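Residue numbers (this note's numbering): 20 to 399.
Remarks on the structure that follows.
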């Protein structure tokens, strides 16, 4: 934190990002050199001990928070809180908790508030190693961040097409937070004293968990009915995964985006939202596969080529085995296609594929112009 150069973190739990928290051991590379001593001499102006110097830097960062365009950024404020816990400046926690609370009350950006909630969840999960297991304010602030996120969710109904990806990622992140909040403490960290801590830092009681679920599912239902294609389908899929909507409700959301007469652009956006939020639905539900196959079958070559980059991006999150399984399932619905796809061409590049597709489209135009469009019919 002070940049002395004495030690470099190499691996282990990353408390700042809230990742790999299941790891128990940190790895550091430590080496003394004259630059370390020079840096310590420089830091002496901030205090006579390392904690004093660290506290001075933290206070400067607090003061600068509102001067660099992040005056209402809850995400930026909570990073100071996590950093203070990580370096051991626990005496500053009351002021930092109040600082984050003020930023949460004024932050109008869902991205920032969702990031704040995610980081608070990481801090709460790592409360024992970070020494805040006795501070009830951390969990209270997490619940406040969750409520602030829910209050901002209706804004996703008005996001532009190019912002739908960020919106879906926020929905997925908030679902993870909702799951963590609703789970009992023993299911989250396996502590022996989970029952003792339940009144302070553990999971909420049943009534509180039910209220959390009701608010979350009500927000998702509004988005499923009134948001753009990507957000709507992602919200509908998450409702289905949570058991808050049956298959008929999911089918209605799907029909609006993939049903007869569906717009190609909206279908591609909806597919992107579905694959980002719940790709397992496309892999496991034959009806959804059939709907997607049916709408693409109605596209002409120009439409397919236009949306091909977006389609590839939507499917990029699948593992190779999942891609192969989905391709096989779709190919089996078309006579002869399964055998054709099993042939591997190792000498064809992406540019070759693009040039071939363009040549095929030009040839089709020529045949149509000369009255020979029937020649393009696929033999049964």
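Glycine included, every Cβ here is placed at the ideal spot set by N, Cα and C.
Here the structure is a predicted model, which is why all the values come from computation and not from measurement.
Counting the other CB atoms within 10 Å of its CB gives residue 60 a total below 16, which places it among the exposed residues. For the set 94, 108, 147 and 137, the Cα lying nearest the Cα of residue 124 is the one of 94. Sequence-distant partners of residue 115 (beyond 5 residues in either direction) whose C-beta falls short of 7 Å from its own C-beta, in its chain, are 99, 100 and 103.
Between the beta-carbon of residue 321 and that of residue 253 there is about 28 Å, and that puts the pair past the 8 Å contact cut. The beta carbon of residue 149 sits closer than 7 Å to those of 34, 104, 105 and 142, all from its chain and outside the five residues before and after it, given in chain order. Residue burial annotation: residue 340 is exposed, with fewer than 16 other C-beta atoms found within 10 angstroms of its C-beta. Taken in chain order, the unbroken stretches of alpha helix (DSSP H) that lie wholly in the region 236-316 and span 4 residues or more are 248-260, 266-277, 283-296, 298-303 and 305-316.
Non-local beta-carbon contacts of residue 92 in its own chain, meaning distances under 7 Å to residues more than five positions away in sequence, involve 122, 126 and 131 in chain order.
Under DSSP, the beta-bridge partners assigned to residue 46 are 30.
The closest CA to that of residue 325, considering only 302, 284 and 314, is found on 284.
A direct Cα-to-Cα measurement between residue 240 and residue 333 gives close to 23 Å. The criterion of a C-beta distance shorter than 8 Å is satisfied by residue 288 and residue 247.
Taken through DSSP and simplified to helix, strand or coil, residue 38 comes out as strand.
Assigned with DSSP and collapsed to three states, residue 51 falls in coil, not helix or strand. With fewer than 16 neighbouring CB atoms inside 10 Å of its own CB, residue 392 falls in the exposed class. Counting along the chain, residue 339 sits inside the alpha helix (DSSP H) bounded by residues 339-350. For residue 128, the secondary structure class from DSSP, reduced to helix, strand or coil, is coil. Considering only 41, 23, 22 and 21, the residue with the shortest C-alpha distance to residue 30 is 41. Nearest neighbour of residue 158 by Cα position, chosen from 261, 138 and 78, turns out to be 138.
Apart from sequence neighbours up to five positions away, the residues of its chain that approach residue 264 with a beta-carbon distance below 6 Å are 258, ordered along the chain. A Cβ-Cβ separation of about 22 Å leaves residue 273 out of contact with residue 327 under the 8 Å criterion. Look at residue 387 here: in three-state DSSP terms it is helix. Cβ contact annotation for residue 81 (same chain, cutoff 7 Å, sequence separation greater than five): 99 and 118, in chain order. Taking residue 395 as the centre and dropping the five residues before and after it, the same chain places the C-beta of 383 and 386 closer than 7 Å to its C-beta, in chain order. Membership of residue 154 in any alpha helix (DSSP H) is not indicated, and neither H nor E is assigned to it by DSSP. Rounded to the nearest whole angstrom, the CA to CA distance from residue 379 to residue 319 is 12 Å. Here residue 174 has 129 as same chain residues with Cβ atoms under 7 Å from its own Cβ, once five neighbours each way along the sequence are excluded.
A Cβ-Cβ distance of about 7 Å is found for the pair residue 345 and residue 301, placing them in contact under the 8 Å criterion. If one requires a minimum length of 4 residues, the alpha helix (DSSP H) runs lying completely within the region 68-123 are 69-83 and 93-106, in chain order. Relative to residue 48, the option among 388, 169, 38 and 24 whose CA is nearest is 24. Taken atom to atom, the span from the alpha-carbon of residue 50 to that of residue 28 is near 12 Å. Residue 188: member of the alpha helix (DSSP H) spanning 183-201, first to last residue.
The Cβ atoms of residue 330 and residue 238 do not sit closer than 8 Å to each other. With at least 16 other beta carbons inside 10 angstroms of its own, residue 133 counts as buried. Judged by DSSP in its simplified three-state form, residue 319 adopts coil rather than helix or strand. Looking only at 32, 36 and 53, the smallest Cα-Cα distance to residue 43 is reached by 32.
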